[in-house]
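Number of protein chains: 2
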Amino acid sequence: MITGRLIGVGVGPGDPELITVKAIKAIRSVPVVAYISANGRPSLARQIAAEHIGGSSKEIKVTLPMHPSPEVAQSAYDEGASRISAELEQGKDTAVLCEGDPLFYGSFGHLLGRLHGRYPAEIVPGVSSVMAAAAAAEQPLAFGAEGISVLPATMPENVLSARLETADTAVILKLGRHIEKVRTVLETLGLVDRAIYIERASTSGEKLVPLAELDSVETPYFSLILVTRQRR
Amino acid sequence: MITGRLIGVGVGPGDPELITVKAIKAIRSVPVVAYISANGRPSLARQIAAEHIGGSSKEIKVTLPMHPSPEVAQSAYDEGASRISAELEQGKDTAVLCEGDPLFYGSFGHLLGRLHGRYPAEIVPGVSSVMAAAAAAEQPLAFGAEGISVLPATMPENVLSARLETADTAVILKLGRHIEKVRTVLETLGLVDRAIYIERASTSGEKLVPLAELDSVETPYFSLILVTRQRR
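As they're listed, the protein sequences go chains A and B.
Straight run, no breaks: the first sequence in this note's numbering ends on number 269.
Straight run, no breaks: the second sequence in this note's numbering ends on number 269.
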């Protein structure tokens, strides 16, 4: 029996038109689609791709509870990988829908780590939230010999500060309840005036505001801060 | 007279199916498409998008000579911006086709800098070569609190070395004739065994090889090195 292929499909940052032709073809061609539903919310990736999922496709929802401990998260990925594996064993190609790009901080990496090597894998890269945020800000991420540092706000404060100090352009992800820590670090480094806050880029809920004018003390998961060292 | 819109359109990393629905719609809807032809080669962005360009569309080719001096490059962008501006003044929306993403090291940034504020602008983000390379390597770029450092090989050696030393995952772009410098830095840092060389990701000319096994002394522009600190 030939096993199915595991296909990680990036569906883009939110705007359903920012999906690629290749992703649409992959989603339409498979008998099984899987996706992750975290924090009790419906899967954004499924919402983005909804119009391309066939009515006869089987759907596998991998559920992560609110604020899971590492052990609970690992066990949810174990169970998800096992359910996907059962389909692959039956020769059914399975597309895992991923917001943005599958390998850019996606939960897909956790499933791939469990299934890689056992089944043929394919990745369909997608437009990430970073590119959508830069597009919303109409702000080049980098030119010439400048570097770009992608930094999760979940980093320890001293690490975040050291990395920001040497960054040309920085993109700070996963803000959530870390927004005040990030703001403090940027203030200390004198970078607040170069920082733009962008929420839900490319969607109808898109919000873009200079960090200095942001009054939130908690921000959604799909938000980021773009810091440019050079004025454009 | 209402001026036209300047639309920066990311057409993806090379595989014509890695273009987004939004990019296709933008290209089909405009009377004028522009693109950059560098180093005497045809525009890759135009090749990727070819099937979507209408027969009646006007095309503007902005030509950069081989290895232009900064002055020559600036003057080529000046002239390109001026030709695009002439179309926008006539109310014609103009799509600038960009490989990968328009704002990720693209020449589009140079045109945007010259036209921004004078005309309404829109950016259609695209799948970048970084995401395509990770997909080819089937290698997650980052998990959790790890950072990603995007580093052009054109950086001075000491800067490149310092940035690599603190990076979790590093993506080294613009290799060209800098490949030996990069190799030396990675050897000194003991990172060669974590480095994968990827050329023309997502295209029929895709090549993927551990850096330790690469024998080229010069590499094409569309190549990069992916270095992961953690074994996956």
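Built from N, CA and C at the ideal position, the CB exists for glycine as well.
Of the choices E136(A), K98(A), Q84(A), whose alpha-carbon is the least far from that of V46(A)? E136(A)
Residue-level contact to chain B via CB, M168(A), 8 Å cutoff: yes
Per-residue contacts from G49(A) into chain B (C-beta, under 8 Å): T57
Could you tell me which residues DSSP pairs with V167(B) in its beta bridges? DSSP lists no partner for V167(B).
Which residue from G143(B), T221(B), R151(B), P257(B) puts its Cα closest to that of S119(B)? R151(B)
Just to confirm the assignment: which complete alpha helix (DSSP H) runs, minimum length 4, are found wholly within the stretch 140-226 of chain B? 145-152, 166-174, 194-203, 216-225
In the DSSP output, which residue or residues are listed as bridge partners for I97(A)? A71(A)
Relative to the C-alpha of S283(B), which candidate in V229(B), D230(B), S260(B), L251(B) has its C-alpha closest? In the structure as shown, chain B begins at 38 and stops at 269. Residue 283(B) is therefore absent and cannot be evaluated.
From G181(B) to Y156(B), what does the alpha carbon distance come to, in whole angstroms? 40 Å
Report yes or no: do three or more beta-carbon pairs, one from the stretch 123-133 of chain A and one from the stretch 48-67 of chain A, lie closer than 8 Å? yes
Just list the residues that DSSP pairs T265(A) with in beta bridges. T206(A)
Looking only at DSSP bridge pairs, what is T57(A) linked to? T57(B)
Nearest-angstrom Cα separation, counted from I209(B) out to G41(A): 34 Å
V48(B) and S86(B) - do their beta-carbons sit closer together than 8 Å? Note that residue 86(B) is Ala in the sequence shown, not Ser. Yes, the pair counts as a contact, with Cβ atoms nearer than the cut-off.
What residues are listed by DSSP as bridge partners for K244(A)? E236(A)
Using a Cβ-Cβ cut-off of 7 Å (strictly less than) and excluding sequence neighbours within five positions of T125(A), which residues of its own chain qualify? This sequence places Leu at residue 125(A); Thr is not what is there. Within the same chain, L125(A) has close Cβ partners T40, G41, L43, T131, Y156.
Quick one: which chain A residues come within Cβ less than 8 Å of S106(B)? Those within 8 Å of S106(B) in chain A number zero; the least Cβ separation is about 14 Å.
Given this structure, state the Cα-to-Cα distance separating L201(B) from A71(B), to the nearest angstrom. 36 Å
Counted within 10 angstroms of its Cβ, other Cβ atoms place Q37(B) as buried (16 or more) or exposed: Residue numbering for chain B in the displayed model covers 38 to 269; residue 37(B) lies beyond these limits and cannot be assessed.
List the residues of chain B whose Cβ lies closer than 7 Å to the Cβ of I160(A), in chain order. A172, E175
Is the stretch 208-222 of chain A close to the stretch 248-264 of chain A, with three or more CB pairs under 8 Å? yes
Check whether A207(B) and S186(B) have beta carbons under 8 Å apart: yes
Expressed to the nearest angstrom, what Euclidean distance is found between the alpha-carbon atoms of A232(B) and G92(A)? 43 Å
Just checking: is the beta-carbon of G41(B) within a distance shorter than 8 Å of some beta-carbon in chain A? no
Determine, using beta carbons only, whether R200(B) comes closer than 8 Å to chain D. Given the protein chain composition of this structure (A and B), no chain D is represented.
Cross-strand partners of V46(B) (DSSP beta bridge): L134(B), V161(B)
What do you get for E183(B), buried or exposed, if any count of 16 or more other CB atoms within 10 angstroms of its CB means buried? buried
So, is the C-beta of Y142(A) closer than 8 Å to a C-beta in chain B? yes
Given this structure, state the Cα-to-Cα distance separating P50(B) from M168(B), to the nearest angstrom. 9 Å
Sequence-distant residues of its chain with Cβ nearer than 7 Å to I61(B) (five each side left out): H89
Among I73(A), L178(A), T221(A), which one has its Cα closest to the Cα of M103(A)? I73(A)
In the DSSP assignment, find the unbroken alpha helix (DSSP H) run with V109(B) in it and report its ends. 107-126
State buried or exposed for S106(A), treating a residue as buried only when at least 16 other CB atoms are found within 10 Å of its CB. exposed
Which residues in chain B have a C-beta closer than 7 Å to the C-beta of H89(A)? List them in chain order. Per Cβ cutoff of 7 Å: no residues; H89(A) is ~10 Å from chain B at best.
Given this structure, state the Cα-to-Cα distance separating T203(B) from D230(A), to the nearest angstrom. 26 Å
Applying the criterion that 16 or more other CB atoms from any shown protein chain within 10 Å of the CB defines a buried residue, is A123(B) buried or exposed? exposed
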